[in-house]
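Have a look at the structure below, then the notes.
Residue numbers (UniProt numbering): 1 to 117.
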């Protein structure tokens, strides 16, 4: 399961109708009427991350990891994240909490010297 905003659901529904009208087999397919391979998806991601000026290499897994870490930083409870993560237990989500805490510590270290005492 992948969470996304309502506006994206509407765009995806329009794309689905368009692909259906074209007789497509897959929701996203190459110009050769074939489904994208994992490698193909990574190449597309590399192209657009480069265009966006993002230096870090991204993958679908890294984006997923980023989303769950971001949700934790926003204060979203593990019980609400778990259904989207596919993890069987909330304990598996601890890695995202640790990443959020690590970033909090870095930010703390960065600003503590400015504390007026």
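All C-beta atoms in this analysis are idealised placements derived from N, C-alpha and C, irrespective of residue type, glycine included.
Quick check on residue i: buried or exposed, where buried means 16 or more other Cβ atoms within 10 Å of its Cβ?
i	result
residue 4	exposed
residue 11	exposed
residue 68	buried
residue 71	buried
residue 108	exposed
residue 96	buried
Would you list the residues sitting across from residue i in a DSSP beta bridge?
i	result
residue 35	29
Which residue marks the beginning of the alpha helix (DSSP H) containing residue i, and which one marks its end?
i	result
residue 6	6-21
Run through DSSP, which three-state label would residue i get?
i	result
residue 59	coil
residue 3	coil
residue 76	coil
residue 101	helix
residue 116	coil
residue 81	helix
residue 40	helix
residue 87	coil
I'd like to check one pair, residue j with residue i: are the Cβ atoms closer than 8 Å?
i	j	result
residue 147	residue 45	Examination of residue 147 is not possible in this model, given that the chain is present from 1 through 117 alone.
residue 63	residue 81	no
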